[in-house]
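Notes follow once the structure below has been shown.
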Amino acid sequence: MAKYDPKTREKYWQDYWLKEGIYKFDPNSKKPLYSIDTPPPTVSGKLHLGHVFSYTQAEVFARYRRLAGFNVYYPFGMDDNGLPTERLVEQELKIKGSDLPRDEFVAKCNQLVGNYHQIYRDLWQSLGFSVDWSLLYSTISPEVQKLTQTNFIKMYQAGYIYRQNSPALWCSVCQTAVAQAEVEDKSFDSIFYDLFFRDLKGNQIVVATTRPELLPACVAVFVNPTDSRYLSLIGTKIFTPLNIEVPVLTDSGVKIDKGSGVVMCCTYGDETDLAWIKQYSLPELIIIDSQDRFNDSCSLESMRGHTITEGRQIIVDYLKSKKLIGKDLPLVHDVGVHERCGHPIEIINTPQWFVRVLDIKDELISLGKKVNWFPAYMGDRFTTWVENLKWDWCISRDRFYGITIPAFFCADCREIIVSTDPRHTCPKCKSINLVAEKLIFDTWFTSGNTPEINSKYVPAPMSLRPQAHDIIRTWAFYTMVLSYYKTNNIP
């Protein structure tokens, strides 16, 4: 008797399952339906043990439900567009999307993605996963592109999406705007600097900050209204170390026991600055550009053209030379970084597209309570995420490989035309000089549609969505947002 060769026998049975359609979904079956919204893995590199572990959980459910007499809908997809895939292509081919004509770069992306499709499929088949490969979908496919663009147009026409040139979270390494869900905290060594402001009488006012480089963008200082040390300053103006006059305002969010109790408001250091600028109608003074370099609006000319790190040292040296800086206190604090590359996020003004989510937080929380979360406390994480949202969902990316946003701009009157048809004339001025939008969709705006991608086979809501807890704030949340706007129900 021949020795058992597992590689040969496994290949035999894998081929047999495919040939005979053992796991093929039957849409005409009379059996009760059990549908699985399988998470499409991001095509961003080689699969690892973590992927195998997480998808094994879905496999267990699929096999159990078949044995229990259900007609199991078990598809597989590839999330193969957007920044993660771009970075893979740039790393493997040692190229930059910004250095090539867009069409040429996209063609290279498509070729490499095709190779990875086969690698992913071969691995899944070798593991014996019982997915129906005839249901394979790709988030960059023409069908999904059409679905995504159609949903965008409907949501824009309904007022759920808007375009605005406003402060947005920005990664200078990836050269794109990002959403709040893509920002994570990372600890950095830093320094608390004491900067010497002065009041109108020449008295010294100490302002502590970890970002002295933003001093040229200071438009106000804030104190706590109950802080007795500064009651006489409230409503007056003081001078920054650069001799710029700024108002002294109050906000209960200022911590009396942090630093000196006086806080700079700069455009923009963080989300608190952003909130104060809006709440107190303060002016903007933007001194950092999309490359993380100081622009010509920076009042300290020696900082212009330098990076943030360089500019920080330049202004510290300048203030020391003028004896306008006091003690410095080393500390470790958290900084928001882009989850894709780990680079600190800045807030800059840039035209982007947003989905309204801040207006529907209560509705999303109610929707989340309709979902059966396992374990149950994961539902609490969803609720906590929604409660703490500070930004609408930025769905546009300043990248190259992805689904283009179906919009055009009139070159004559700047009217926005949202459509997939480039033959439009401007409805406002009748001009035919239309310029296509260059931004692409956030990949989550595409993969958040997986229930609808699968809806031609099975009705919503789907029976099971297996996913990792760390993408509750992304895949689960964004799918819920899209489902709310489309059906006012769970996906």
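Residue numbers for the sequence shown follow full-length UniProt numbering, beginning at 1 and rising by one.
All C-beta atoms in this analysis are idealised placements derived from N, C-alpha and C, irrespective of residue type, glycine included.
Remember, predicted model here, so these are calculated numbers, not experimental data.
Checklist line | Rounded C-alpha distance that separates E437 from G269 | finding: Walking along the sequence shown from the start, residue 437 turns up at place 437. Walking along the sequence shown from the start, residue 269 turns up at place 269. The straight-line gap from Cα to Cα measures roughly 29 angstroms.
Checklist line | beta-carbon Q352 near the ligand ZN non-hydrogen atom, thresh 7 angstroms | finding: Of the ligands one can find in the structure shown there are none, so the ligand ZN has no counterpart to examine.
Next item on the list: Decide if the stretch 193–204 is in contact with the stretch 249–256; the criterion is three or more beta carbon pairs, one per stretch, under 8 angstroms apart.
Entry: When Cβ pairs closer than 8 angstroms are counted between the two stretches, the stretch 193–204 is seen not to touch the stretch 249–256, the count staying below three.
Next item on the list: Taking L110 as the reference, give the member of L135, I119, D80 with the closest Cα.
Entry: Looking up residue 110 in the sequence shown gives position 110. Checking the sequence shown, residue 110 turns out to be Asn, not Leu. Per the Cα distances, D80.
Note to self: Using the Cβ count rule (16 or more neighbours within 10 Å means buried), how would you classify G77?
What the structure shows: In the sequence shown, the residue the question calls residue 77 occupies position 77. With 16 or more Cβ atoms within 10 Å of its Cβ, G77 is classed as buried.
Item checked: Option in C410, T443, V113 with minimal Cα separation from K428 -> Looking up residue 428 in the sequence shown gives position 428. When only C-alpha atoms are compared, the closest one is C410.
Checklist line | F441 burial status per 10 Å Cβ neighbour count (16 or more: buried) | finding: Taking the sequence shown and counting its residues from 1, the one referred to as residue 441 is at position 441. F441 is classed as buried because its beta carbon has at least 16 other beta carbons within 10 Å across all chains shown.
Notebook entry, point to check: Does the beta-carbon distance from T267 to L285 come in below 8 angstroms?
Noted result: One-based indexing of the sequence shown puts residue 267 at position 267. One-based indexing of the sequence shown puts residue 285 at position 285. Going by beta carbons, T267 and L285 fall inside the 8 angstroms limit.
Item checked: Per DSSP, the bridge partner or partners of W393 -> For the purposes of this step, residue 393 is taken as the residue at position 393 of the sequence shown. Bridge partners of W393: V355.
Item checked: Cβ-Cβ separation, P212 to R312 (assumed contact under 8 angstroms), whole Å -> Locating residue 312 in the sequence shown gives position 312, where the first residue counts as 1. Locating residue 212 in the sequence shown gives position 212, where the first residue counts as 1. The C-beta separation of R312 from P212 comes to about 6 angstroms, placing the pair in contact by the 8 angstroms criterion.
Notebook entry, point to check: Comparing alpha-carbon positions, which option in V355, Y160, A460, D15 lies nearest S126?
Noted result: Start at 1 with the first residue of the sequence shown, and residue 126 comes out as number 126. When each option's Cα is compared against that of S126, the closest is D15.
Note to self: Let me confirm a value: A177 is counted as buried when at least 16 other C-beta atoms fall within 10 Å, else exposed. Which label applies?
What the structure shows: As a working note, residue 177 is residue 177 in the sequence shown. A177 is buried by the Cβ-count criterion.
Check: In terms of residue numbering, what span does the alpha helix (DSSP H) encompassing A275 cover?
Finding: In the sequence shown, residue 275 corresponds to position 275, counting from 1. It spans 271–279 - the alpha helix (DSSP H) in which A275 sits, taken as one unbroken run.
Checklist line | Where the beta strand (DSSP E) through C174 begins and ends | finding: Here residue 174 is taken as the residue at index 174 of the sequence shown, counted from 1. For C174, there is no enclosing beta strand (DSSP E), as DSSP marks it with neither H nor E.
Item checked: Reference Y137; option with closest CA among K96, L112, A107, P75 -> As a working note, residue 137 is residue 137 in the sequence shown. Closest by alpha carbon: P75.
Checklist line | Local conformation of W373 per DSSP, three classes | finding: Here the question's residue 373 lines up with position 373 in the sequence shown. Residue state, collapsed to three classes: coil.
Margin query: Between K19, P41, K361, which has its C-alpha nearest E387's C-alpha?
Written below: The residue you call residue 387 lines up with position 387 of the sequence shown. Among K19, P41, K361, the Cα nearest to that of E387 is on K361.
Check: For P41, which option in R414, A468, F477 has the closest C-alpha, if you only look at C-alpha atoms?
Finding: Mapped onto the sequence shown, residue 41 falls at position 41. The closest CA to that of P41, considering only R414, A468, F477, is found on A468.
Checklist line | Range covered by the alpha helix (DSSP H) that runs through C109 | finding: Against the sequence shown, residue 109 aligns to sequence position 109. Segment 102–126, the alpha helix (DSSP H) holding C109.
Notebook entry, point to check: Which partner residues of Y162 appear in the DSSP bridge assignment?
Noted result: For this step, residue 162 is matched to residue 162 along the sequence shown. Note: Y162 sits in a beta bridge opposite F354.
Next item on the list: Below 6 angstroms CB to CB, which residues in the same chain sit around V72 once its five sequence neighbours on both sides are set aside?
Entry: Residue mapping note: residue 72 aligns to position 72 of the sequence shown, counting from 1. Within its own chain, the residues whose Cβ lies closer than 6 angstroms to the Cβ of V72, once the five positions on either side in sequence are excluded, are Y34, A62, R65, R66, listed in chain order.
Check: Can you tell me where the alpha helix (DSSP H) with K19 in it begins and where it stops?
Finding: The residue you call residue 19 lines up with position 19 of the sequence shown. From DSSP, the alpha helix (DSSP H) with K19 extends over 6–20.
Checklist line | A407 - DSSP class collapsed to helix/strand/coil | finding: Numbered from 1 along the sequence shown, position 407 holds the residue referred to as residue 407. Residue state, collapsed to three classes: strand.
Next item on the list: Return the bridge partner residues of W170 from the DSSP annotation.
Entry: Numbered from its first residue, the sequence shown carries residue 170 at position 170. W170 pairs with A177, E346.
Checklist line | the stretch 448–455 / the stretch 473–481 touching (three or more Cβ pairs under 8 angstroms) | finding: As far as the Cβ criterion goes, the stretch 448–455 touches the stretch 473–481, which means the pair count is three or higher.
Notebook entry, point to check: Since L434 is in the beta strand (DSSP E), which residue starts that stretch and which ends it?
Noted result: If you number the sequence shown from 1, residue 434 lands on position 434. That run of the beta strand (DSSP E) goes 434–436.
Notebook entry, point to check: Taking the Cβ atom as the reference point for each residue, do I315 and F152 lie within a distance shorter than 8 angstroms?
Noted result: By 1-based counting over the sequence shown, the position of residue 315 is 315. By 1-based counting over the sequence shown, the position of residue 152 is 152. Result no, Cβ atoms of I315 and F152 do not sit closer than 8 angstroms.
Checklist line | Inter-residue Cα distance where the pair is L464 and G342 | finding: Against the sequence shown, residue 464 aligns to sequence position 464. Against the sequence shown, residue 342 aligns to sequence position 342. Between L464 and G342, the alpha-carbon positions lie close to 33 angstroms from each other.
Item checked: Beta bridge counterpart(s) of H424 as assigned by DSSP -> In the sequence shown, residue 424 corresponds to position 424, counting from 1. DSSP, once it has assigned bridges, lists no residue as partnering H424.
Margin query: Spatial neighbours of I287 within its chain, please: C-beta separation below 7 angstroms, excluding the five flanking residues on both sides.
Written below: Here the question's residue 287 lines up with position 287 in the sequence shown. Once the five neighbours on either side are set aside, the close Cβ partners of I287 are P216, A217, F294, N295, S297, C298.
Item checked: Three-state secondary structure assigned by DSSP to residue 507 -> There is no way to answer for residue 507, as the model of the chain reaches only from 1 to 491.
Next item on the list: List the whole-angstrom C-beta distance separating R340 from R87, where the pair is believed to meet the contact cut-off of C-beta under 8 angstroms.
Entry: Counting from one through the sequence shown, the residue named residue 340 turns up at place 340. Counting from one through the sequence shown, the residue named residue 87 turns up at place 87. Indeed, because the Cβ distance is near 7 angstroms, the residues count as touching under 8 angstroms.
Checklist line | Integer-rounded CB distance, given that Y484 should sit under 8 angstroms from E363 | finding: As a working note, residue 363 is residue 363 in the sequence shown. As a working note, residue 484 is residue 484 in the sequence shown. Yes, they are in contact, since the Cβ atoms of E363 and Y484 sit about 6 angstroms apart, within 8 angstroms.
Margin query: Need the endpoints of the beta strand (DSSP E) that M480 sits in, please.
Written below: Here residue 480 corresponds to residue number 480 of the sequence shown, with the count starting at 1. Taken as a continuous stretch (DSSP letters only), M480 belongs to no beta strand (DSSP E), being part of the alpha helix (DSSP H) at 477–487.
Margin query: In this structure, how does DSSP classify T384 when only helix, strand and coil are distinguished?
Written below: Position 384 of the sequence shown, counting from 1, holds the residue named residue 384. In the structure shown, T384 sits in a helix (DSSP, three-state: H, G or I).
Check: Any idea what DSSP makes of K361, helix, strand or coil?
Finding: By one-based count along the sequence shown, residue 361 stands at place 361. K361 sits in a helix when the DSSP states are folded into three classes.
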